[in-house]
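Here the structure comes first, spelled out in structure tokens, and everything after it is commentary.
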Amino acid sequence: MRNWFRRFLRPASLDPDSWLRACAGVPFVSALDATRKARLQALVTRFLHDKTITPIGDLALDDVQRMQLAALCCLPLIEFGEEGLHGWSQLLVYPGAFRVHRAHTDAADAMAEWDGVMQPAHEGYEDLIGEAWEAGPVVLSMEDVLADLAAPRDGCCVAVHEIAHKLDALDGAMDGTPPLPRAWQKEWARDFQQAFDHMGKQVDANRRTKLDPYAAEAPEEFFAVCTEYHFSAPALLREAYPKVAAHLAKFYGASPMA
């Protein structure tokens, strides 16, 4: 209830000096034009008002670092708007990669069960640098966020990857398609499916791909990985999948690294 009420309060303005320092340390932000930077500042103000940024373990975050994390999370929302912040309230930040427990279900094995209950076929641990829970927080590795800032043209930006997942989930299905007008949604689905299928064939054939092969894992990962390339290596994305690049330029606005 408290978080719901906070949405209707006017957020406090950002400290101007801290915001300037934050912008200077994020190449994706410092490259924006004045109009889009002002939109981002408004989104960051709302983000810091509505959401809790929680460092994990021994990690400590100062005000400038918190602004930088918020700015990275809000980059994909400059055109979409603050509706993209709905549905979650916490950003968890680990010092580095974090380990999660996974239980994978084998549908074929489950079909053999008389009661129809899905049974975990195998389980284990994964080391991650980012995660977006469909109905929960966004989780980031600070070490990898800093690596992205140090190499902003390398095709990697874990924060925008996870926010792409949050945008994807807004229409109730994490399937690689965020909320769009119906006509655009059809074009998007067609062009992304063709590109995803091509990527999958390349990976299955053990061929070298222009984009990170992780994009072939699932449609939602293809969308999130392409989002990273839009913000950090847009020329490479255009070379690999020009129709996908055009959709993302329309959805997110021009890449600051273009």
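Anchor point for the sequence shown: position 37 equals 27 in my numbering, and the numbering is continuous, going up by one each time.
Glycine included, each C-beta is placed from N, C-alpha and C at the ideal position.
Note that this is a predicted model, so its numbers are computed, not measured.
Should Leu38 and Ala60 be called a contact, given that it needs their Cβ atoms to be closer than 7 Å?
-> In this structure, Ala60 lies closer than 7 Å to Leu38 by Cβ.
When the Cα atoms are used, what is the spatial distance from Glu69 to Pro246?
-> Going from the Cα of Glu69 to the Cα of Pro246 covers about 13 Å.
Quick one: what's got a C-beta closer than 6 Å to Gly106's C-beta in the same chain, skipping five residues either side?
-> Any reading at Gly106 is ruled out, since the residue's pLDDT is 38, under 50, leaving its predicted position unreliable.
Which partner residues does Ser131 have in the DSSP bridge list?
-> Note: Ser131 sits in a beta bridge opposite Tyr84.
Determine the direct distance from the alpha carbon of His76 to that of Asp40, and round the result to whole angstroms.
-> Their Cα atoms are separated by approximately 10 Å.
Touch check for the segment 168 to 188 and the segment 125 to 132: three-plus C-beta pairs under 8 Å?
-> Segments in contact, no.
Enumerate, from N- to C-terminal direction, the unbroken alpha helix (DSSP H) stretches of 4 or more residues contained entirely within the segment 140 to 197.
-> For the segment 140 to 197, whole alpha helix (DSSP H) runs of length 4 or above, ordered along the chain, are 148 to 159, 172 to 194.
Hey, out of Phe212, Leu62, Glu124, whose CA is closest to Trp178's CA?
-> Comparing Cα-Cα distances from Trp178 to each of Phe212, Leu62, Glu124, the minimum goes to Phe212.
What does a CB cutoff of less than 8 Å around Val234 pick up in its chain, not counting 5 residues either side in sequence?
-> When the five nearest sequence neighbours on each side are left out, the beta carbons in the same chain lying within less than 8 Å of the beta carbon of Val234 are those of Asp181, Phe182, Ala185, Cys216, Leu227, in order along the chain.
When Ala2, Ser3, Leu30 are compared against Cys13, the one with the closest alpha-carbon = Looking at the Cα atoms, Leu30 is the closest of the given residues.
Out of Ala225, Pro45, Arg198, Arg89, which has the shortest C-alpha to C-alpha gap to Glu116?
-> Nearest Cα to Glu116 within the set Ala225, Pro45, Arg198, Arg89: Arg89.
When the distance is taken between beta carbons, is Asp165 closer than 7 Å to Val148?
-> No, these two residues do not count as a Cβ contact at 7 Å.
Close Cβ partners of Arg11 (< 7 Å) along its chain, the five nearest in sequence each way excluded | Non-local C-beta neighbours of Arg11 in its own chain, meaning closer than 7 Å and more than five positions away in sequence, comprise Val54, ordered along the chain.
Between the Cα of Asp187 and those of Pro169, Val150, Tyr231, spot the shortest distance and give me the residue it belongs to.
-> The candidate whose alpha carbon is nearest that of Asp187 is Tyr231.
What residues in its chain sit with their C-beta under 6 Å from that of Pro45, if we drop five residues either side in the sequence?
-> These residues qualify, in order along the chain: Leu51, Val83.
Could you give the DSSP three-state label for His76: helix, strand or coil?
-> In this structure, DSSP gives His76 a state outside helix and strand, which the three-state scheme calls coil.
Reduced DSSP secondary structure (H/G/I, E/B, other) of Gln109 | A caution first: Gln109 carries a pLDDT of 43, below 50, which makes its placement in the model too unreliable to give a value.
Would you identify the three-state DSSP class for Tyr231, choosing helix, strand or coil?
-> Of the three classes helix, strand and coil, the one that applies to Tyr231 here is coil, per DSSP.
Out of curiosity, what's the CA-to-CA distance linking Gln80 and Pro203?
-> Approximately 29 Å between the Cα atoms of the pair.
For Thr35, does the count of other Cβ atoms within 10 angstroms reach 16, so buried, or fall short, so exposed?
-> Answer is buried; the Cβ neighbour count reaches 16.
Just curious, the alpha helix (DSSP H) that Pro6 is in, first and last residue?
-> For Pro6, the uninterrupted alpha helix (DSSP H) run begins and ends at 6 to 14, by DSSP.
For the beta strand (DSSP E) that Pro45 lies in, which residues bound it at each end?
-> Taken as a continuous stretch (DSSP letters only), the beta strand (DSSP E) holding Pro45 covers 42 to 45.
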